[in-house]
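Down below is the structure, laid out as structure tokens.
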Amino acid sequence: MFRVIFMIVTFALACDCLLWPTRSTTTTTEKLTTDSSTQPKPSASTTQNGHGSFNKYFIYTRTNPRFPVELNLDVQESIDTLSKDNRTIVIAHGYEGSAITSLNPTVKDAALQSEDFNIIVLDWSVYAGQSYTNAVNSVPDVGRALGKLINELVTREIVSLSRLHLIGFDLGAHVMAFAGRELNGNVARITGLNPSGSQWGTNSQRLTFNDALYVEVIHTDGIGPLANGIGDAVGHADFYPNGGTGQPGCFLNHKCSHNRSWELMAATFTNNHLIANRCGSWYQVTMNLCRGYQMWMGNSELVKQGSGMFRVNTKRTYPF
Numbered sequence: 149m150f151r152v153i154f155m156i157v158t159f160a161l162a163c164d165c166l167l168w169p170t171r172s173t174t175t176t177t178e179k180l181t182t183d184s185s186t187q188p189k190p191s192a193s194t195t196q197n198g199h200g201s202f203n204k205y206f207i208y209t210r211t212n213p214r215f216p217v218e219l220n221l222d223v224q225e226s227i228d229t230l231s232k233d234n235r236t237i238v239i240a241h242g243y244e245g246s247a248i249t250s251l252n253p254t255v256k257d258a259a260l261q262s263e264d265f266n267i268i269v270l271d272w273s274v275y276a277g278q279s280y281t282n283a284v285n286s287v288p289d290v291g292r293a294l295g296k297l298i299n300e301l302v303t304r305e306i307v308s309l310s311r312l313h314l315i316g317f318d319l320g321a322h323v324m325a326f327a328g329r330e331l332n333g334n335v336a337r338i339t340g341l342n343p344s345g346s347q348w349g350t351n352s353q354r355l356t357f358n359d360a361l362y363v364e365v366i367h368t369d370g371i372g373p374l375a376n377g378i379g380d381a382v383g384h385a386d387f388y389p390n391g392g393t394g395q396p397g398c399f400l401n402h403k404c405s406h407n408r409s410w411e412l413m414a415a416t417f418t419n420n421h422l423i424a425n426r427c428g429s430w431y432q433v434t435m436n437l438c439r440g441y442q443m444w445m446g447n448s449e450l451v452k453q454g455s456g457m458f459r460v461n462t463k464r465t466y467p468f
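Under the working numbering, residues 149 to 468 are what the sequence shown spells out, in order.
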């Protein structure tokens, strides 16, 4: 009998039928959407090297809010989709995400409802869809490639760093960190949406306040051994909605709390109603005792006055 079991296990290993998780089973993936308006067709990139050579970039504006134009620096028609008069937002998904997971259409649509932005959606799903460790290892190249592309757009006077907002969720937050460093920290703003914590908790290459002129971080699932995100304050302003864990309506569901970061971000584009109070200590954050000066979380402002840790309490359902 033991021989039979041994043969079965050996066969399973040979055909890769037995899989061991590379990330906690509570770790989230972005919700898949069937938004038929965004079904990008990948094409070869000619502007980056390494892992970043598989990056895809899709442009949306109020003129084309549903059907993206793939950005190709060698095709003038695609570049002309970007308006020099508009501010620019770049959105990066996280682990197991893509250009069509819910983060992108949700945040993109909310942003366009508030203003006619140039929205560039980064799709790095070729690596984000692999094992978590492979995805982590690809983050530096993916981010640097994005930074190089932005630098070329700046050189051509299509995009201005002073009017640029990089938004990244999960691993995408660290992607934006590397993009910011490629641009010497001169990007106006980076917003990290519950930056991934696994393999980044003590990683010196994680998102920091040095990566842009203003770095804002929204922590929605950053506390405890099963949390998906970083709990540490790493930006100029770090917001902890409802204490940074256990979001309303997400009872014991880390995936739900993790995704709440981009849901809150989208809500602030159209409502700009989530006002937080500054906290003097981590104890005040966790015990809901923050009584310091107020600051608006999220939204599209590129310059904000204030720094430190902030707490805001939200409701269970959109717009929270």
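All C-beta atoms, glycine included, are put in the ideal place defined by N, C-alpha and C.
- Under the 8 Å Cβ criterion, the stretch 241 to 257 does not count as touching the stretch 286 to 302, having fewer than three qualifying pairs.
- Between the stretch 409 to 428 and the stretch 454 to 463 there are three or more C-beta pairs closer than 8 Å, enough to call the two in contact.
- Phe357 and His199 have their alpha carbons spaced roughly 25 Å apart.
- Here Tyr243 really is in contact with Leu319; their C-beta atoms are around 5 Å apart, less than 8 Å.
- When DSSP states are grouped into helix, strand and coil, Asn266 belongs to the strand group.
- Going by DSSP, Cys427 is part of no alpha helix (DSSP H) but of the beta strand (DSSP E) stretching over 423 to 427.
- DSSP places Ile227 within a helical segment (H, G or I) once states are collapsed to three.
- Nearest Cα to Lys463 within the set Met435, Lys452, Gly397: Gly397.
- Under the 10 Å beta carbon count, Val451 is surrounded by fewer than 16 other beta carbons and is classified as exposed.
- By the 16-neighbour rule on beta-carbons within 10 angstroms, Tyr431 is exposed.
- Phe417 counts as buried, since no fewer than 16 other beta carbons sit within 10 angstroms of its beta carbon.
- Judged by DSSP secondary structure, Asp289 falls within the alpha helix (DSSP H) whose first and last residues are 280 to 303.
- With a cutoff of 8 Å on beta-carbon distance, Ala321 and Leu341 are scored as near each other.
- Excluding residues up to 5 positions away in sequence, Val274 lie with their Cβ nearer than 6 Å to the Cβ of Phe202 in the same chain.
- The C-beta separation of Ala247 from Val269 comes to about 5 Å, placing the pair in contact by the 8 Å criterion.
- Taking the C-beta atoms as reference points, Asn266 is found nearer than 8 Å to Leu230.
- Using a Cβ distance threshold of 8 Å, Gly446 and Ile366 count as a contacting pair.
- In the DSSP assignment, His313 falls within the beta strand (DSSP E) that extends over 312 to 317.
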